[in-house]
Amino acid sequence: MGSLLCYRWLKSPDHGHHHEVLAMVAIGVMITLSIGPQRAIAVAPNFFEDVDITWGGDRGKVLNGGNIISLSLDRNSGSGFQSKLDYMYARIDTQIKLVPGNSAGTVTAYYMSSQGPVHDEIDFEFLGNLSGQPYTLHTNVYTHGQGNREMQFRLWFDPTRNFHTYTIVWKPQHIIFMVDNIPIRVFKNLVKYGVPYPRKQPMKLYASLWDAEDWATRGGLVKTDWTMAPFTAYFRNMAANQYENFSHSGSGSLMEAGHDDLGPHARKRLRWVQAHFMIYNYCTDVYRYPQGPPTECKHARV
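Heads up: the sequence shown is residues 1 to 302, going by the UniProt record's numbering.
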């Protein structure tokens, strides 16, 4: 089994968390150790070397000798960066500290994406809110240019006080979204049922901070307060580990990934998070899908 980086931030969770959340973090460590063989191909202790700030001018800044990137948003523009490398089946971990205070109307995005009109994409989007109100964590999966697979969550901590780790695990058999090594969502490879899956196009990692006041907060009812600008989010400790024995054709056998399935503790934590912190699931939206949910929803249980 391949080894992963040692994530030191797991040793010092935020004060004030419930004991159950601390147990979730401990279980998250076990999940990390059982996720399968990998080889580290890009670790970014120095963002100067591993990412490009692609838009926003000096609103995107590499700080602290290359250890941190800040992205800012003002009335004129947001900002963003992307990885220099692309990946085919990988685990991407990044620590993010979100915009504090009144962040209504803003979106901090962290995602993997391929190029072209039939692109694949795996999304974390953090939808801002008024001061004292919780962020919404919006997740989505695009396959062959088609998305509409939204699941949304509240977080069990304040994501603006400290850095927290957000992880994309992309393997031939499933995609796992994780927060502080705790799984919150799994999207399975169900090609055998006719459901498209991202398995042929390599992806880069992207991050951005931008204005989405038309829809981000309460469906656009709450607008961005530009007197609070600039809004700033911070990123650090990006680690990219590509899984071994898979080609860009996506032809590697599933067995080569080693420990592929989430264990019983991880599945329990996944169900607990979805029961207590999920606020929207496209699979259960009967108004959107009056004739029944999409095919993948019928096989979604982990």
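Note that beta-carbon positions come from the ideal geometry of N, C-alpha and C, so glycine has one too.
Practice prompt. Measure the beta-carbon distance from ARG75 to ALA229 and round it to whole angstroms, keeping in mind my assumption that it falls under 8 Å.
Written response: 6 Å
Worksheet item: For THR165, which residues from the same chain have a beta carbon less than 6 Å from its beta carbon, with the 5 sequence-adjacent residues on both sides left out?
Response: If we look at THR165 and ignore the five residues flanking it on each side, its Cβ neighbours are ASP93, GLN95 and ASP180.
Discussion item. Within 10 Å of its beta-carbon, does GLN146 have 16 or more other beta-carbons around it, so buried, or fewer, so exposed?
Written reply: exposed
Practice prompt. Determine the closest residue to HIS276 out of CYS283, TYR282 and LYS268, with distance taken between C-alpha atoms.
Written response: LYS268
Discussion item. I need the straight-line Cα distance from SER103 to ALA207, nearest angstrom please.
Written reply: 17 Å
Item to complete: For chain B, find out if any of its Cβ atoms is closer than 8 Å to the Cβ of PRO100; answer yes or no.
Response: Given the protein chain composition of this structure (a single chain), no chain B is represented.
Discussion item. How far does the alpha helix (DSSP H) with PRO264 in it extend, from its first residue to its last?
Written reply: Start and end: 264-277.
Worksheet item: At a cut of 8 Å, does the region 108-116 reach the region 189-196 through at least three beta carbon pairs?
Response: no
Item to complete: Check the DSSP bridge columns for VAL186 and list the partner residues they point to.
Response: ILE176
Discussion item. Going by beta-carbon coordinates alone, are TYR234 and ILE68 separated by less than 8 Å?
Written reply: yes
Practice prompt. To the nearest angstrom, report how far apart ARG161 and GLY101 are at their CA atoms.
Written response: 10 Å
Item to complete: Taking 8 Å as the cut-off, decide whether the C-beta atoms of PRO202 and MET88 are in contact.
Response: Result yes, Cβ atoms of PRO202 and MET88 sit closer than 8 Å.
Fill in: Opposing strand residues paired with HIS138 [DSSP bridges]
GLU125 and GLN152
Discussion item. Tell me the rounded alpha-carbon separation between ILE168 and ILE122.
Written reply: 8 Å
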